[in-house]
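Here the UniProt record's numbering is used: the first residue of the sequence shown is 1, the next is one more, and so on.
Here is the structure we will look at, set down as C-alpha cells.
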Amino acid sequence: MKNYMVYGFGLLIVALLELVGLIYMMGSGKIWIIEVVMSGMKFMVQDMSVYFLIDSMSVMFLFVVSFISGCVLVYSSSYMEGDKFSGKFLILVFMFVLSMKLMILSPNMIMILLGWDGLGLVSYCLVIYYNNESSSSAGMITVMTNRLGDVGMLMSVVFFLIYGSWVYEEMCSEKSFMIILMLLVMVGGFTKSAQMPFSAWLPAAMAAPTPVSALVHSSTLVTAGVYLLIRLSMMYSSEEVSTMMMFMSVVTMFMSGLGALYEMDMKKVIALSTLSQLGVMMMVLGAGMPVLSFFHLVNHALFKAMLFLCAGVAIHSSMNNQDMRSMSNVFLMSPSVSMSMIISSLSLSGFPFLSGFYSKDMILEIMYEFNNSLLVTVMIFLSTMFTVMYSFRMIYYLLVKSDSSCSGYFNEGVMSNVVIFMSMVVVWFGSVAGWLMFPSPSYAFMELKVKLISVMLVVMGALMYIVSLKLESVYKGKEMSKFFSSMWYLSDLTSGVLYKNFFWMKNMSKNSEVWVEGVSGSGVKRTMMSAMKVWFRKFMGSLMKIVMMLVLLLVMM
Numbered sequence: 001m002k003n004y005m006v007y008g009f010g011l012l013i014v015a016l017l018e019l020v021g022l023i024y025m026m027g028s029g030k031i032w033i034i035e036v037v038m039s040g041m042k043f044m045v046q047d048m049s050v051y052f053l054i055d056s057m058s059v060m061f062l063f064v065v066s067f068i069s070g071c072v073l074v075y076s077s078s079y080m081e082g083d084k085f086s087g088k089f090l091i092l093v094f095m096f097v098l099s100m101k102l103m104i105l106s107p108n109m110i111m112i113l114l115g116w117d118g119l120g121l122v123s124y125c126l127v128i129y130y131n132n133e134s135s136s137s138a139g140m141i142t143v144m145t146n147r148l149g150d151v152g153m154l155m156s157v158v159f160f161l162i163y164g165s166w167v168y169e170e171m172c173s174e175k176s177f178m179i180i181l182m183l184l185v186m187v188g189g190f191t192k193s194a195q196m197p198f199s200a201w202l203p204a205a206m207a208a209p210t211p212v213s214a215l216v217h218s219s220t221l222v223t224a225g226v227y228l229l230i231r232l233s234m235m236y237s238s239e240e241v242s243t244m245m246m247f248m249s250v251v252t253m254f255m256s257g258l259g260a261l262y263e264m265d266m267k268k269v270i271a272l273s274t275l276s277q278l279g280v281m282m283m284v285l286g287a288g289m290p291v292l293s294f295f296h297l298v299n300h301a302l303f304k305a306m307l308f309l310c311a312g313v314a315i316h317s318s319m320n321n322q323d324m325r326s327m328s329n330v331f332l333m334s335p336s337v338s339m340s341m342i343i344s345s346l347s348l349s350g351f352p353f354l355s356g357f358y359s360k361d362m363i364l365e366i367m368y369e370f371n372n373s374l375l376v377t378v379m380i381f382l383s384t385m386f387t388v389m390y391s392f393r394m395i396y397y398l399l400v401k402s403d404s405s406c407s408g409y410f411n412e413g414v415m416s417n418v419v420i421f422m423s424m425v426v427v428w429f430g431s432v433a434g435w436l437m438f439p440s441p442s443y444a445f446m447e448l449k450v451k452l453i454s455v456m457l458v459v460m461g462a463l464m465y466i467v468s469l470k471l472e473s474v475y476k477g478k479e480m481s482k483f484f485s486s487m488w489y490l491s492d493l494t495s496g497v498l499y500k501n502f503f504w505m506k507n508m509s510k511n512s513e514v515w516v517e518g519v520s521g522s523g524v525k526r527t528m529m530s531a532m533k534v535w536f537r538k539f540m541g542s543l544m545k546i547v548m549m550l551v552l553l554l555v556m557m
C-alpha cells in the first residue's frame, strides 16, 4: 500500500501548488486561455489546438479536487489494505481525477464532453468495484441514468455545431438557440447531480467502497453537473427555465431531507444529505447567483468528504456493518474521529462559524428576501431543519445510543490522522474561501430576525429531533418508513417500471436474481444453453432440417 501513500502525498503537494496559484489569481484578477498545438502526429491530417481555461474559479475547484483526492488515497492505504484489486482501484481513482480536471479546465463543449464521459465511465467502474450482484445492479442504474444526461449533452454539441462555434460564451449571444440549448444542458446537469427526477441513482451508488463515496459521490462527480451549469449560468436568462430549475431543486431538497430521517443505512443517510445540498446549490443557481452556488459547492465538498471518511472508520470497525442501530460506538473507539464527525455534521447543519455556516447563512438570508412563494419558502426552511435533524440523529446513534464495543478491526493511525487533518481544514476553510471569493462585500441592512434565520433553524431542528425521539413509534410506521426512505418510491418509478415490464423481472425476482445478472453475463449464457438444448432436441437426426436452418440464418444475416 506504499503506492497509495506516495501518490496521495503527491496529490496533496499539487493541491498546495494550486492553492498558491489560487491566491495569485485572486489577487491579480487575471484569466488565462492556454493553447496547446498538437502537430506532427501521423494519425492527424492537420494540426489541432487544445485550449484550457484558467481563472480563479477553475483553480479553486482544482485545489478542492486535488486535496480531497490526496486525502482519500492516503486514507485508502489503510482502508483498502489486503484488497486484491488495490492496483486497479488506484488506477481508476487517477483516471477519475484526470477526467475531472479536464472537465474543469475545458472552455468549450467538446472538451467538456470528453471529461464528462470519462467521469461517467470511471464512476461506473468504481461503483461495480466489488463485483457482486448489488454493486452490479447499482452500477447499471447509475450508468443508465447518466447516459440520459449524456444524450442531452450530445444534442447540445449538435446545436453548437449548427451555430459554428464550440465556445459557449459566444453561443450565449445568440438568443434563437438559447431556450432549447438551456433545457438540453440542464438535463445533463440534473442527471449528473441527481436532481429530480433523476435522483434514484445516487443512494444506489453507495454500493461502491467508502473512499469512492467520499471522493466521487459527495464532492466531485455529483458537483460536476452544478459546475457545468455555473459555467453556463449566463445562458439562464429565461425566467421560465430558472423558475423550473429552482422548483425542481427545492423538491429534491425536501424529498431527500425527509427520506434521510427514515433511513438507517449510514452511507445512504449521507448520500441523501448530499442530494439535499446539491438541491441547495441548484436552487441558488436558479435564483441567479452562480458565485454563491460555487461557494457552497466548495464548502460542501470538503466537509462532506470528511463526513464520509468518518463513516468509513465507523463501518470499518463494525465489520462492514452500515446499519446505525448496530454499529460500534465511535466515541469509545476513537474520540478524535468522533469529534471530527461532530464537526462535519455541525458544519452540514450550518452551525455558526464552521465551514458550512458561511455559505448557508448567506443563502438562507437571500432566499428569505427573494421573491419566492410562501410554499417554496416553507419547503426551504423545512429542508434546512431536516438537515439538522438527520445530522443530530446520526450523532445520536453513533456516539450516544450505541453501546457495542469496538471490534479491534480498526487501524487508527492512518485513517484517524487523515480525518483530523481534514477537520482542521474544514474549520477555517469557509471563512478564508469567503474572504477570497467576496473580497469587497456589499453592505446590506436587514432586520435582526433575518440575520438570525440560520441560527434559529439549527436550534429548531435540534429541538424537533429531541421531540421526535419521544414520538418515534407514532411517525415511523413500516409503510411510512418505506415510502420516505425510498424517496417516495422514486427508484421504482424510474427504474422499477423497466425492471418489471421490459426485463422479465417478475419471474427472475422469485429466484432472487438481480436483473443485471438476468439479462447479461450468466443470464445470457443460461438462455443460450437452454435454446441450444431445445434446438438439438428438435432437429437432431434430420440433416436436411439442420441445413435448412443454417441457410435461413444466413439469409437473415
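Backbone N, C-alpha and C fix where the C-beta goes; we use that ideal spot for every residue, glycine too.
Fair warning: this is a prediction, and the values are worked out from it, not measured in the lab.
Nearer than 8 angstroms: is that true of the beta carbon of D47 relative to any heavy atom of the ligand NAD? The ligand NAD is absent from the structure shown, which contains no ligand whatsoever.
Compute the beta-carbon to beta-carbon distance between F351 and V458, rounded to the nearest angstrom, for a pair I have assumed lies under 8 angstroms. Numbered from 1 along the sequence shown, position 351 holds the residue referred to as residue 351. Numbered from 1 along the sequence shown, position 458 holds the residue referred to as residue 458. Correct: roughly 6 angstroms between the Cβ atoms.
Quick check: the stretch 194–213 against the stretch 113–122, are at least 3 beta-carbon pairs closer than 8 angstroms? no
Under DSSP, the beta strand (DSSP E) around E239 begins and ends at which residues? Walking along the sequence shown from the start, residue 239 turns up at place 239. No beta strand (DSSP E) holds E239; the alpha helix (DSSP H) holding it covers E239 to A260.
Strand pairing of D361, partner residues [DSSP]: Here residue 361 refers to the residue found at position 361 when the sequence shown is read from its first residue. According to DSSP, which records beta bridges pairwise, D361 is partnered with nothing at all.
One question on the structure: do A287 and M362 come within less than 9 angstroms of each other, judged by their Cβ atoms? By 1-based counting over the sequence shown, the position of residue 287 is 287. By 1-based counting over the sequence shown, the position of residue 362 is 362. Contact flag unset, no.
Pairwise C-alpha distance: M255 and N511: On the sequence shown, position 511 is the one that residue 511 refers to. On the sequence shown, position 255 is the one that residue 255 refers to. Low confidence applies here, because N511 scores a pLDDT of 45, under 50, leaving its location unreliable; read the following figure in that light. Straight-line Cα distance between these residues: approximately 33 angstroms.
Classification of K2 by the beta-carbon crowding that lies within 10 angstroms, buried from 16 upward: The count along the sequence shown starts at 1 and reaches residue 2 at position 2. With fewer than 16 Cβ atoms within 10 Å of its Cβ, K2 is classed as exposed.
Three-state secondary structure (DSSP) at F52? On the sequence shown, residue 52 is found 52 positions in, with the first residue counted as 1. F52 sits in a strand when the DSSP states are folded into three classes.
Run through DSSP, which three-state label would D150 get? Here the question's residue 150 lines up with position 150 in the sequence shown. The answer is helix: DSSP assigns D150 an H, G or I state.
Just checking, does the stretch 72–82 make contact with the stretch 211–228 on the three C-beta pairs under 8 angstroms criterion? Enough Cβ pairs lie closer than 8 angstroms, so yes.
Under 8 angstroms by Cβ, that's how I've got M464 and S78 pegged, so tell me the actual separation to the nearest angstrom. For the purposes of this step, residue 464 is identified with residue 464 of the sequence shown, where counting begins at 1. For the purposes of this step, residue 78 is identified with residue 78 of the sequence shown, where counting begins at 1. Rounded, the Cβ-Cβ distance is 38 angstroms, inconsistent with contact.
DSSP state of residue 564, grouped into three classes? Look at the range of the chain in this structure, 1 to 557, and you will see that residue 564 is not part of it.
Beta-carbon within less than 8 angstroms of Y227's beta-carbon, same chain only, minus the 5 sequence neighbours each way: which residues are those? For the purposes of this step, residue 227 is taken as residue 227 along the sequence shown, with counting starting at 1. Correct list, in chain order: F61, M103, I104, F294 and L297.
Can you tell me whether DSSP reads G408 as helix, strand or coil? Walking along the sequence shown from the start, residue 408 turns up at place 408. Since pLDDT at G408 reaches only 46, below the 50 mark, its modelled position is unreliable, and no value is offered.
Per DSSP, what are the beta-bridge partners of I33 in this structure? Position 33 of the sequence shown holds residue 33. BP columns for I33 point to L53.
Hey, P290 and S219: beta-carbon distance below 9 angstroms or not? By one-based count along the sequence shown, residue 290 stands at place 290. By one-based count along the sequence shown, residue 219 stands at place 219. It is not a contact, given that the beta carbons lie outside the stated cut-off.
Looking at the structure shown, is M446 part of a helix, part of a strand, or coil, going by DSSP? Reading the sequence shown from its first residue, position 446 is the one you call residue 446. Three-state DSSP puts M446 in coil, outside helix and strand.
What is the DSSP secondary structure of D47, counted as helix, strand or coil? Position 47 of the sequence shown holds residue 47. Coil at D47, not helix or strand.
Beta-carbon separation of D117 and D83 under 9 angstroms? As a working mapping, residue 117 is identified with position 117 in the sequence shown. As a working mapping, residue 83 is identified with position 83 in the sequence shown. Taking 9 angstroms as the Cβ cut-off, D117 and D83 do not qualify as a contacting pair.
Give the single residue among F67, C310 and S326 whose Cα lies nearest to the Cα of I420. As a working note, residue 420 is residue 420 in the sequence shown. Selected option, being the one with the closest Cα: C310.
Apply the 10 Å Cβ neighbour rule to F85 and answer buried if 16 or more other Cβ atoms are within range, or exposed otherwise. To locate residue 85, count along the sequence shown from 1; it is residue 85. Exposed.
Using the rule of at least 16 other Cβ atoms within 10 Å of the residue's Cβ for burial, across every protein chain shown, is S199 buried or exposed? Translated into the one-based positions of the sequence shown, residue 199 becomes position 199. So S199 counts as buried.
Helix, strand or coil at M38 according to DSSP, with G and I counted as helix: For the purposes of this step, residue 38 is taken as residue 38 along the sequence shown, with counting starting at 1. Note: M38 maps to strand in three-state DSSP.
Cα-Cα separation, F502 to I68: By one-based count along the sequence shown, residue 502 stands at place 502. By one-based count along the sequence shown, residue 68 stands at place 68. Any answer about F502 is weak, because its pLDDT of 44 lies below 50 and its placement is not dependable; what the coordinates show is given next. Each residue's Cα considered, the two are about 41 angstroms apart.
C-alpha distance - R393 paired with S468, whole-angstrom precision: Taking the first residue of the sequence shown as position 1, residue 393 is located at position 393. Taking the first residue of the sequence shown as position 1, residue 468 is located at position 468. Cα to Cα, the separation comes out at about 10 angstroms.
Does the distance from the C-beta atom of T145 to that of H217 stay below 9 angstroms? Mapped onto the sequence shown, residue 145 falls at position 145. Mapped onto the sequence shown, residue 217 falls at position 217. Contact flag unset, no.
Under three-state DSSP, which class holds D265? Taking the first residue of the sequence shown as position 1, residue 265 is located at position 265. In the structure shown, D265 sits in a strand (DSSP, three-state: E or B).
For D323, the three-state DSSP class (helix, strand or coil): Taking the sequence shown and counting its residues from 1, the one referred to as residue 323 is at position 323. Looking at D323 - three-state DSSP - the assignment turns out to be strand.
Considering only their Cβ atoms, is the gap separating I270 from F308 smaller than 9 angstroms? The residue you call residue 308 lines up with position 308 of the sequence shown. The residue you call residue 270 lines up with position 270 of the sequence shown. Yes; because the gap between Cβ atoms is below 9 angstroms, this pair is in contact.
Could you spell out the range, first to last residue, of the alpha helix (DSSP H) harbouring H217? In the sequence shown, the residue the question calls residue 217 occupies position 217. Where H217 is concerned, there is no enclosing alpha helix (DSSP H), given that its DSSP letter is neither H nor E.
As assigned by DSSP and simplified to three states, the class of S431: Within the sequence shown, the letter at position 431 stands for residue 431. If DSSP states are grouped into helix, strand and coil, S431 belongs with the helices.
So the candidates are G8, N320, P107 and V378; which of them puts its Cα closest to the Cα of Y51? Taking the sequence shown and counting its residues from 1, one reaches residue 51 at position 51. Considering only alpha carbons, the answer is P107.
Output the boundary residues of the alpha helix (DSSP H) element that contains M394. Position 394 of the sequence shown, counting from 1, holds the residue named residue 394. Unbroken alpha helix (DSSP H) run through M394: L374 to I395.
Spatial neighbours of K10 within its chain, please: CB distance less than 8 angstroms, with the 5 preceding and 5 following residues excluded, ordered by chain position. Walking along the sequence shown from the start, residue 10 turns up at place 10. Looking at the sequence shown, residue 10 is not Lys but Gly. So the qualifying residues of the chain are G70.
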